[in-house]
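All remarks here apply to the structure that follows.
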Amino acid sequence: MPRKGANDPRKGKGASEPPKSTPPLRSDFKYQDRPRRHWIIVQEFGQNGGGCNGGVAKVEIKDDPVDRFFFEKRFDANVMFLVHKEVGLLNQLGDWPGVVKMVDHFIDEKNKKASVYMEYCDAGDLEKVIQDSRKGTRQVHERKIWQWLIELMDTLVYMHRGPEPENDRKVLMYWNSVYHRDIKPGNILLKTDHKAGRVVTKMADFGCSVSAHWTHMVKRDKPEQVSMTSALTPGYDPPEHPEYSGATDVWQVALVIACTCSSIIAPWSKQWPKGQRWDKAAPAGRKYSQKLNKILAWCLTEDQTRRPKPLEISKRAKADYASINLPPDNDPMVIFGREVGQAVQTPQPAFSPGPAFGGQQPNFQGQRPGLDPHAFSDPEIQRMENRGGQYNDFVQDHRSPMPMASMNGILHGGGAYPAYPFEPWYGLSGNAPGRPHDYFSGREPEVTQHFLIIPDSEAIPD
């Protein structure tokens with residue numbers, strides 16, 4: 001029988017094995033003080049007033065043979081204490097297709113600067129969909145609504161319970177449960193997936209998210225920084241606010257889908273009585289099927305203890321969608337599809353050539369690109385603001401070079417940092433089209449080892 005704690009990476013060789021109820025989960029992920037890639041700024045979008053938003057930009061990798069574009073989110077110096085949390089969560093969830101991919105990052109503690117670099121999503125976000133639907137009489141095809149509901153619930157299942165959600169032991173022992181707490185239309189990005197042949201959802205902005213590990217560590221080390229309340233975006237606060245749990249994420253996803261169907265930007269809630277009323281009996285509205293309205297009403301059960309779990313919802317939604325008789329979606333690669341007499345809309349290509357390959361980029365000079373004034377902001381810092389859409393449809397689809405880590409890697413802490421086969425790490429120098437990044441370095445990034453420790457006091461999550 002092995003000695004107690006023999007496999008504890010924090011104690012080195014010969015240490016005793018920890019109790020089985022509190023196994024240490026070691027991750028190969030390392031925080032960096034310099035990005036691994038040489039990033040070139042293509043277009044600045046500005047700071048736009050977000051609570052923890054230090055600026056956003058469209059960027060590309062120097063000498064990228066595929067000539068892709070990505071999105072850089074910078075962190076404000078005042079919220080540096082949140083950066084490690086968000087970067088760690090993006091890494092942990094990065095293998096799930098329903099979460100926006102982080103491809104690089106850096107955290108410069110000394111100069112109080114940090115950024116994450118993420119994939120672009122070419123089809124905008126659900127807030128833009130709602131805004132567009134309000135301009136006319138268009139509505140999203142019900143097949144898309146069902147697909148998005150199923151995708152988002154499956155994403156919640158992964159966030160809350162990991163890759164083996166029906167194995168309670170593995171969830172408790174090996175998964176760092178994540179609660180988003182600020183799911184709203186602007187945080188659900190859309191991307192044309194040419195392999196799947198349709199528009200898919202990507203959950204973004206984990207600045208307000210919490211996890212079992214983070215909550216445990218902060219409670220122990222910095223209890224004054226722990227917020228036990230749900231994040232407050234007007235209208236999307238659940239009935240149990242200020243408390244939060246996995247049921248909070250369920251409420252917010254269902255309400256986002258209901259608002260997408262009924263074209264409501266700012267829904268009514270107890271914390272936001274100025275908002276637009278929505279039908280509790282038929283949240284999607286009378287233009288959508290009874291089955292869709294019933295499942296959304298079920299998800300929007302006011303008593304959080306009776307609200308269904310994401311896995312339960314996902315199973316029912318898949319069964320309902322398979323049995324319901326809906327007309328075909330003739331344009332699965334565009335949001336609204338064709339109206340009567342309207343020509344077929346050509347979807348964006350999966351890879352669009354940039355300037356280096358002779359492609360023509362849109363001219364946005366003197367034109368605000370439509371990023372929300374509070375895009376990627378933290379409602380815990382700036383509350384009660386009415387936020388617009390984060391993305392407009394100028395964004396182009398460029399795939400992330402991040403490979404999928406193995407399931408085994410995820411079970412043991414999130415997997416290693418992705419390898420990039422086509423280019424060495426350059427530092428940040430050189431002259432490329434556009435303005436180079438402010439950071440210049442010829443050395444490898446300093447890294448720190450990251451551990452995940454699941455406390456034995458954590459209950460099995462929803």
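One point on numbering: in UniProt numbering, the residue at position 182 of the sequence shown is 182, and numbering is uninterrupted. The C-beta atom is built at its ideal place from N, Cα and C for all residues, glycine as well. As the structure is a computational prediction, the values presented were derived from the model and not from experiment.
By the Cβ-count criterion, Gly98 is buried, with 16 or more other Cβ atoms from all chains shown falling within 10 Å of its own Cβ. Residue pairing from DSSP places His105 in a beta bridge opposite Val116. Beta-bridge partners of Trp39 (DSSP): Ile61. The continuous alpha helix (DSSP H) containing Arg161 extends over residues 142-161. The region 203-211 makes contact with the region 170-186: 3 or more CB pairs, one atom from each, lie closer than 8 Å. Proximity of the region 130-141 to the region 187-201 falls short of the contact definition, fewer than three beta-carbon pairs being nearer than 8 Å. In the three-state reduction of the DSSP assignment, Leu292 falls in the helix class. Taking Asn325 as reference, the option from Pro234, Tyr288, Leu126, Val66 with the minimal CA-CA separation is Tyr288. For Val334, there is no enclosing beta strand (DSSP E), as DSSP marks it with neither H nor E. Assigned with DSSP and collapsed to three states, Lys315 falls in helix.
At least 8 Å separates the beta-carbon of Ala281 from that of Leu292. Around the beta carbon of Asp64, 16 or more other beta carbons sit within 10 angstroms, so the residue counts as buried. Here Lys195 is exposed: its Cβ has fewer than 16 other Cβ atoms, across all protein chains shown, within 10 Å.
Under the three-state reduction of DSSP, Gln92 is assigned to helix.
A buried status is given to Lys309, since no fewer than 16 other beta-carbon atoms sit within 10 Å of its beta-carbon. Bounds of the alpha helix (DSSP H) holding Met173 are 168-174. In the structure shown, the three-state DSSP call for Leu189 is strand. As the crow flies, the alpha-carbon of Thr305 is around 21 Å from that of Thr155. Scanning its chain for C-beta atoms nearer than 6 Å, with the 5 sequence neighbours on each side dropped, one finds around Trp175 the residues Gly162, in chain order.
Excluding the 5 residues flanking it on each side, Lys112 has same chain C-beta neighbours closer than 8 Å at Ala77, Met80, in chain order.
Of the candidates Val253, Pro234, Lys73, Val129, the residue whose Cα lies closest to the Cα of Gly337 is Val129. With fewer than 16 other Cβ atoms from the protein chains shown falling within 10 Å of its own Cβ, Gln290 counts as exposed.
For Thr248, the enclosing alpha helix (DSSP H) has its first and last residue at 246-262. Distance from the CA of Ala57 to the CA of Glu109, rounded to the nearest whole angstrom, comes to 21 Å. Val210 carries a strand assignment under DSSP once its states are collapsed to helix, strand and coil. Residue environment analysis places Asn187 among the buried positions, since at least 16 neighbouring C-beta atoms fall within 10 angstroms of its C-beta. For Glu127, the enclosing alpha helix (DSSP H) covers residues 126-135.
Secondary structure of Tyr236 (DSSP, three-state): coil. Between Arg143 and Asp329 the beta-carbon gap is near 4 Å, inside 8 Å, which marks them as a contact.
Leu296 places its beta carbon less than 8 Å from that of Ile257. Listed as beta-bridge partners of Phe70 by DSSP are Val59, Glu119. Counting other Cβ atoms within 10 Å of its Cβ, Gly46 stays below 16 and is therefore classed as exposed.
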